[in-house]
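Per our numbering, the sequence shown runs over residues 109 to 562.
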Amino acid sequence: MAIPVEMPKMSDTMEEGVLVAWLAEEGDAVSAGDVIAQVETDKATMDLEVYDDGVLLKKVIGEGDAVPIGGLIAVLGSEGESADSVLASYSGDGAPASGDSGSDSSSTPEAAPSESADAAPEGYGHRPDESAPQTTAASGADDGGRVKASPLARRMAQEAGIELSGVSGSGPEGRVVKRDVEAAMSGSGAAQAAPQPVAVPQPVAPATAPEAPSAPKPQVASGGVTDARISQMRKTIARRLAQSKFTAPHFYLTVDVDMTEAMDFRQRLNGMTAERGLAKISFNDLVTKACASALRRHPAVNSSWMEEEGVIRQHGDVNVAIAVAMPDGLITPVVRNADQKGLADIAAETRDLATRAKDRKLDPSEWEGSTFTTSNLGMFGIREFTAIINPPNACILAIGGIQDVPVVKDGAVVPGKQMTITLSCDHRVVDGASGAEFLGDVKAFLETPSMMLL
């Protein structure tokens with residue numbers, strides 16, 4: 109029986125995905141766990157695997173096409189089987205046809221993503237209900253030791269008489285992809301054992317750049333105007349931040365922080381980290397630790413407005429998200445339990461997260477679940493700014509650069525090092541006094557950083 113391959117939900121904020129590249133051709137035999145395409149979500153480019161064995165009967169959408177969650181991507185079946193029965197049950201845009209009694213919750217688009225910090229991402233790796241009409245989607249099931257390869261790579265290897273077990277896979281989880289077979293055909297591919305299959309489905313960002321273009325190509329219109337397709341990431345940023353700005357009543361609190369002692373403190377610490385081969389500690393790491401320490405003292409700030417549940421949720425964990433700029437937007441990887449970690453650990457974790465974020469290699473679990481966010485534009489020469497709250501957080505801290513300023517000490521004007529930080533607060537959750545007390549503690553931690561070691 110022909111079965112549909114639908115767009116899975118790959119992140120908590122995903123509403124649709126763009127098919128970046130097909131890795132299988134119509135007529136290719138595929139097996140459960142094979143990657144047949146790559147999909148751009150709002151956060152990363154991920155592999156689309158299939159749950160079932162069969163033949164790719166029909167590629168329903170083209171490269172560059174956007175499909176909502178639950179939309180039809182392809183049809184699998186037996187060799188020579190018609191895909192018409194599946195196509196007839198979907199509308200022209202790939203959504204299940206109205207009134208189709210054969211569709212249920214497993215094959216229709218899922219509900220809009222929850223803004224809850226505790227909402228677990230659904231979809232990628234989600235298997236359909238056994239009682240539902242058979243639908244295929246992402247999977248990373250153990251295939252019993254069979255070499256993982258894309259259908260295209262498998263077919264190329266077969267035609268070239270190359271044993272896949274002798275080809276080194278450079279795809280996610282060591283999967284053999286087209287470029288690996290091409291390297292083997294040219295004699296440059298290294299022969300090594302196939303990667304160990306995994307038992308649990310995982311969304312995987314590509315280890316290297318996808319074989320097809322991952323960024324939209326600008327189109328130059330007449331009159332010298334350049335149009336660029338709005339990426340999934342940019343769409344999500346626009347939707348979420350507009351929702352935050354227009355629904356959460358923002359107010360702002362700004363303080364100047366004397367960073368003289370923090371600069372000396374950081375210099376001494378980095379002398380020790382260098383001797384031990386640890387990651388260098390940045391000013392941003394000091395701010396992360398200061399915020400985490402202050403959040404532990406102020407649970408009202410470490411909270412979320414949960415409209416649907418009718419509660420203000422105070423989080424037991426202190427998970428600080430750090431805004432990382434990317435070419436087409438930004439992402440906020442999370443340092444979890446930052447209040448319980450030392451500065452060296454925070455520095456190492458932040459470097460790792462930022463590096464992988466820019467390479468689009470983060471797992472969804474690494475950008476979800478924040479309880480507070482920081483955004484730093486000091487490295488761009490910005491003295492101060494205000495930031496839009498990252499829902500469902502109640503607050504975000506905007507960090508400016510350290511400035512040389514004249515300050516008055518003991519009745520005399522002397523050179524000083526000053527940093528301006530601005531706290532954006534959701535007034536539904538945080539009042540002025542509680543926000544000011546939190547910001548005062550952040551300032552105190554930064555002006556006397558040894559307090560963070562207690």
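Note that the Cβ used here is the ideal one computed from N, Cα and C, for glycine as well. In this text, all values refer to a predicted model and were calculated from it rather than measured experimentally.
Closest in alpha carbon position to D150, among E157, T482, R468, is R468. Cβ-Cβ distances below 8 Å link C399 to V428, A446, F480, T482, L505, V550 in the same chain, with the five nearest sequence neighbours on each side left out; the list follows chain order.
Closest option to A382, judged by alpha-carbon separation, among W130, F359, A456, H423: A456. Counted as a single uninterrupted DSSP element, the beta strand (DSSP E) harbouring S532 occupies residues 520-534.
Residue pairing from DSSP leaves S558 without any beta-bridge partner. Per the DSSP secondary-structure output, A182 pairs in a beta bridge with V113, K167. Under the three-state reduction of DSSP output, M414 falls in the strand class. Under the 8 Å Cβ criterion, the segment 518-531 counts as touching the segment 345-361, having at least three qualifying pairs. Secondary-structure assignment with DSSP links N484 through a beta bridge to I507. For G379, the enclosing alpha helix (DSSP H) has its first and last residue at 368-384. The beta carbons of A132 and V183 sit no closer together than 7 Å. Nearest neighbour of E157 by Cα position, chosen from S190, G185, K256, turns out to be K256. When the five nearest sequence neighbours on each side are left out, the beta carbons in the same chain lying within less than 6 Å of the beta carbon of A402 are those of F546, D549, V550, in order along the chain.
Shortest Cα-Cα distance from L349 to any of L438, L461, A370 involves L438.
DSSP places A465 within a helical segment (H, G or I) once states are collapsed to three.
If you ignore the 5 residues before and after V537, its C-beta comes within less than 6 Å of the C-beta of S411, W413, I420, A502, all in its own chain and listed in chain order.
Within the same chain, Cβ atoms closer than 6 Å to the Cβ of F553 are found at A398, S401, M559, M560, the five residues on either side in sequence being excluded. Inclusion of S139 and D161 in the CB contact set at 7 Å is warranted, their separation being smaller than that value. If you look at M118, you'll find it isn't in any beta strand (DSSP E); DSSP assigns it neither H nor E. Proximity to N392 across I169, M527, E416, R337 peaks at M527, based on C-alpha coordinates.
By DSSP's assignment, P514 forms a beta bridge with P523. The C-alpha of P523 lies about 6 Å from the C-alpha of V513. Beta-carbon to beta-carbon, V147 and V128 are separated by about 6 Å, close enough to satisfy the 8 Å threshold. Taking C-beta atoms as the reference points, I507 and G486 count as a pair closer than 7 Å.
Listed as beta-bridge partners of L349 by DSSP are no residues whatsoever. Rounded to the nearest whole angstrom, the CA to CA distance from E187 to R287 is 27 Å. Selection A174, V175, G141 evaluated against Y159 yields G141 as nearest (Cα-Cα). Comparing C-alpha distances from G295 to each of T463, S190, V275 shows the shortest one belongs to V275. With contacts defined as CB atoms closer than 7 Å, M293 and A261 fail to qualify as a contacting pair.
Under the three-state reduction of DSSP output, P472 falls in the helix class.
The three-state reading of DSSP puts G162 in strand, counting E and B together.
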